[in-house]
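Asker: In my numbering, the protein residues as written are 10 to 290. Heads up, the beta-carbon is just placed ideally off N, CA and C, and yes, glycines get one too. The model shown is predicted, which means the values in this text are computed figures rather than measured ones.
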């Protein structure tokens, strides 16, 4: 949703796009939540079951009833499927490549299409269809409908970036460049993106944006560290599963030394201890 635009250009906000209360991603997230929690659980008159012709079913109930008759086949998404699920935009192919979000993208496959209209009608209006990942905009994907392929176009300065960055980090970098009064060039954007990613004089908002794009550390144990499953005490009249749960809660003889616990336990149903901890139990 647009920010404060005012009655005319004089009263308009300085940057209505950045001052928007809800971004397009926020509205999409709210719509997805409403569909999953409200619409799919609301009865619809057009959804009936032959065994219950007078009862209106919800989309979830109708799906569950039909799944028992003709279960669906689970298929893994291909690379083309993943690209087609990304947000869409339309851009023209200039002699230098494609301008998207004030960044220039190019690829050798785009050479024959420079200054050429796509011929696509509707919202494209002769421009080319592109797909982009908001969390990784180092690369955009251009649909080559003439040859039935996707062209991977990289940012012209992508090789100089330390790591992939999101569209939100790019917006934060643009704001930092504007506050410094520096020219709006790709080199200035790259410098601010590097500053945000490395943590140099990072603001609180930039820190939150950086945390969204960084990956969590791996929870796998370090190679070479011996780990064995703990021996849970067995109680009379209990199954193995309940004995493990109750033994973990009631029969644990105190925490082992901090150095004995592996710093990165293997993610599973029960904690994994080292060999020394198991002998201590």
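#1: For residue 66, list the residues DSSP reports as bridge partners.
#2: Does the Cβ of residue 91 have 16 or more other Cβ atoms within 10 Å, making it buried, or fewer, making it exposed?
#3: Counting C-beta neighbours from all protein chains within 10 Å, is the total for residue 177 16 or more, i.e. buried, or is it exposed?
#4: Helix, strand or coil, according to DSSP, for residue 102 in the structure here?
#5: Excluding the 5 residues preceding and the 5 following residue 246 in the sequence, name in chain order all residues of the same chain whose CB lies nearer than 8 Å to its CB.
#6: What does residue 138 pair with, by DSSP beta-bridge criteria?
#7: Could you tell me the boundaries of the alpha helix (DSSP H) in which residue 181 lies?
#8: Roughly how many angstroms separate the alpha carbons of residue 150 and residue 203, rounded to a whole number?
#9: Report the CB separation of residue 109 from residue 139 in whole angstroms; it is logged as a contact under 8 Å.
#10: Consult DSSP for residue 94 and reduce its assignment to one of helix, strand or coil.
#11: Buried or exposed for residue 160, going by 16 or more other Cβ atoms inside 10 Å?
#12: Alpha carbon to alpha carbon, what distance is there between residue 142 and residue 88?
#13: Where residue 115 and residue 124 are concerned, what is the direct C-alpha to C-alpha distance, given to the nearest angstrom?
#14: If you measure between the beta carbons of residue 56 and residue 66, is that distance less than 7 Å?
#15: Specify the secondary structure class of residue 78 as computed by DSSP and reduced to three states.
#16: Is residue 199 helix, strand or coil when you go by DSSP?
#17: For residue 19, name the three-state secondary structure that DSSP assigns.
#18: Mapping DSSP to helix, strand and coil, what is residue 112?
#19: In terms of residues, what are the limits of the alpha helix (DSSP H) holding residue 165?
#20: Who are residue 125's beta bridge partners in DSSP?
#21: Which whole-angstrom value is the C-beta distance of residue 187 and residue 205, which I expect to be below 8 Å?
#22: Between residue 77 and residue 71, what straight-line distance do the alpha-carbon atoms span, to the nearest angstrom?
#23: What is the DSSP secondary structure of residue 47, counted as helix, strand or coil?
#24: With DSSP collapsed to three states, give me the class of residue 244.
#25: Give the secondary structure of residue 147 by DSSP, where H, G and I count as helix, E and B as strand, and everything else as coil.
#26: Around the Cβ of residue 250, are there at least 16 other Cβ atoms within 10 angstroms (buried) or fewer (exposed)?
Answerer: Quick look at the numbers:
#1: Per DSSP, the beta-bridge partners of residue 66 are 53.
#2: exposed
#3: buried
#4: Three-state result, residue 102: coil.
#5: Note that residue 246 scores 49 on pLDDT, short of 50, meaning its location in the model is unreliable and no value can be drawn from it.
#6: 99
#7: 176-189
#8: 24 Å
#9: 7 Å
#10: Here residue 94 sits in coil by DSSP.
#11: buried
#12: 13 Å
#13: 13 Å
#14: It is a contact, given that the beta carbons lie within the stated cut-off.
#15: helix
#16: helix
#17: coil
#18: strand
#19: No alpha helix (DSSP H) contains residue 165, which DSSP labels as neither H nor E.
#20: Answer is none; residue 125 lacks a bridge partner.
#21: 15 Å between Cβ atoms; not a contact.
#22: 10 Å
#23: coil
#24: In this predicted model, residue 244 has a pLDDT of only 46, less than 50, meaning its place in the structure is not dependable enough to derive any value.
#25: Under the three-state reduction of DSSP output, residue 147 falls in the strand class.
#26: Here residue 250 scores only 47 on pLDDT, less than 50, and its place in the model is too uncertain to base an answer on.
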